[in-house]
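Just so you know, the sequences run in chain order H and C.
Numbered by the working numbering, the letters in the first sequence go through residues 1 to 113 in order.
Numbered by the working numbering, the letters in the second sequence go through residues 1 to 112 in order.
To start, the structure under review is shown below, and the notes come after it.
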Amino acid sequence: NAGVTQTPKFQVLKTGQSMTLQCAQDMNHNSMYWYRQDPGMGLRLIYYSASEGTTDKGEVPNGYNVSRLNKREFSLRLESAAPSQTSVYFCASSESGARQPQHFGDGTRLSIL
Amino acid sequence: GQQLNQSPQSMFIQEGEDVSMNCTSSSIFNTWLWYKQDPGEGPVLLIALYKAGELTSNGRLTAQFGITRKDSFLNISASIPSDVGIYFCAGLRSGSARQLTFGSGTQLTVLP
Chain H
1 NAGVTQTPKF QVLKTGQSMT LQCAQDMNHN SMYWYRQDPG MGLRLIYYSA SEGTTDKGEV
61 PNGYNVSRLN KREFSLRLES AAPSQTSVYF CASSESGARQ PQHFGDGTRL SIL
Chain C
1 GQQLNQSPQS MFIQEGEDVS MNCTSSSIFN TWLWYKQDPG EGPVLLIALY KAGELTSNGR
61 LTAQFGITRK DSFLNISASI PSDVGIYFCA GLRSGSARQL TFGSGTQLTV LP
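The structure is reproduced here in structure tokens:
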């Protein structure tokens, strides 16, 4: 199915471990986003990429890095995971000119012990 | 960041009833959005509103951009079981995605 694909779907890490969350979209969208969703809260923007080769910090970028590998892929990396980063992570994409995420992946559920 | 107050936090309604939920802020927004999230899935964009006073429908869903630009409403008519989920509002203050703020969601349960 066309859309936004995230891997893995679930992951458990120990404090201090590193990992990369993968995201790919096949809709030829320019803009891609990474959000985190915590219980009882709205989604918060971690990083976004308006186009290939550009990335910008969102509301909660600390502890994360991103890489816009090409137009299709936008990865999120945790260099040294902390329990506060336990969350559900969503990748999203949108067309050029759209100011909001239009299509979301199904999320990565990350637990850090 | 900016805060959006979304209410109610949860609703239990009978199938066939109409539903109303709203989102308010102390700040002015230029765009209001409504998303729905099913369990285990990502949010889906339902309606986007770009002008104060705008009223937009998507099937049984109708949303309005408040005249003051500080609030928005979502109505669902004749609810059905598949309407179950979490509904999020989101407001955008400017042209940058960094300025998009999400509400905390309304959990809707439809009872048969």
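We put the beta carbon where it would ideally sit given N, CA and C, even for glycine.
query	result
Euclidean distance between Cα positions of residue 44 of chain C and residue 80 of chain H	31 Å
Continuous beta strand (DSSP E) assignments of at least 3 residues falling wholly in the region 53-94 of chain C	55-58, 61-65, 71-76 and 85-92
Distance between residue 110 of chain H and residue 11 of chain H (C-alpha atoms, nearest Å)	5 Å
Assigned exposure category for residue 22 of chain C - 16 Cβ within 10 Å defines buried	buried
Span separating the alpha-carbon of residue 82 of chain H from that of residue 58 of chain H	19 Å
The region 13-20 of chain C in contact with the region 42-62 of chain H per 3-pair CB rule at 8 Å	no
Cβ-Cβ distance between residue 46 of chain C and residue 34 of chain C below 8 Å	yes
Cβ pair residue 4 of chain H, residue 37 of chain H closer than 8 Å	no
Residues bridged to residue 29 of chain H [DSSP beta-bridge criterion]	Looking at the DSSP assignment, residue 29 of chain H forms no beta bridge with any residue, so it has no partner.
Option in C:19, C:106 and C:110 with minimal Cα separation from residue 39 of chain H	C:106
Contact list for residue 41 of chain H against chain C, beta-carbon separation under 7 Å	104
Which listed residue (C:79, C:8, C:24 and C:86) has its alpha carbon closest to that of residue 61 of chain C	C:79
Residues that DSSP places opposite residue 5 of chain C in a beta bridge	C:24
Chain-ordered residues of the region 32-44 of chain C with a beta carbon less than 9 Å from chain H	33, 35, 37, 40, 41, 42, 43 and 44
Residues that residue 4 of chain H bridges to, as DSSP identifies them	H:25
Cutoff 8 Å: residue 100 of chain C Cβ touching any chain H Cβ	yes
Proximity below 8 Å, CB of residue 106 of chain H to CB of residue 40 of chain C	yes
Cutoff 8 Å; reference residue 111 of chain C; Cβ partners in own chain excluding five residues on either side	12, 13, 14 and 15
Proximal residues, the region 42-64 of chain C versus chain H, C-beta separation under 9 Å	42, 43, 44, 45 and 48
Length of the line joining the Cα atoms of residue 76 of chain C and residue 20 of chain C	7 Å
Cα-Cα separation between residue 67 of chain C and residue 24 of chain C, rounded to whole angstroms	12 Å
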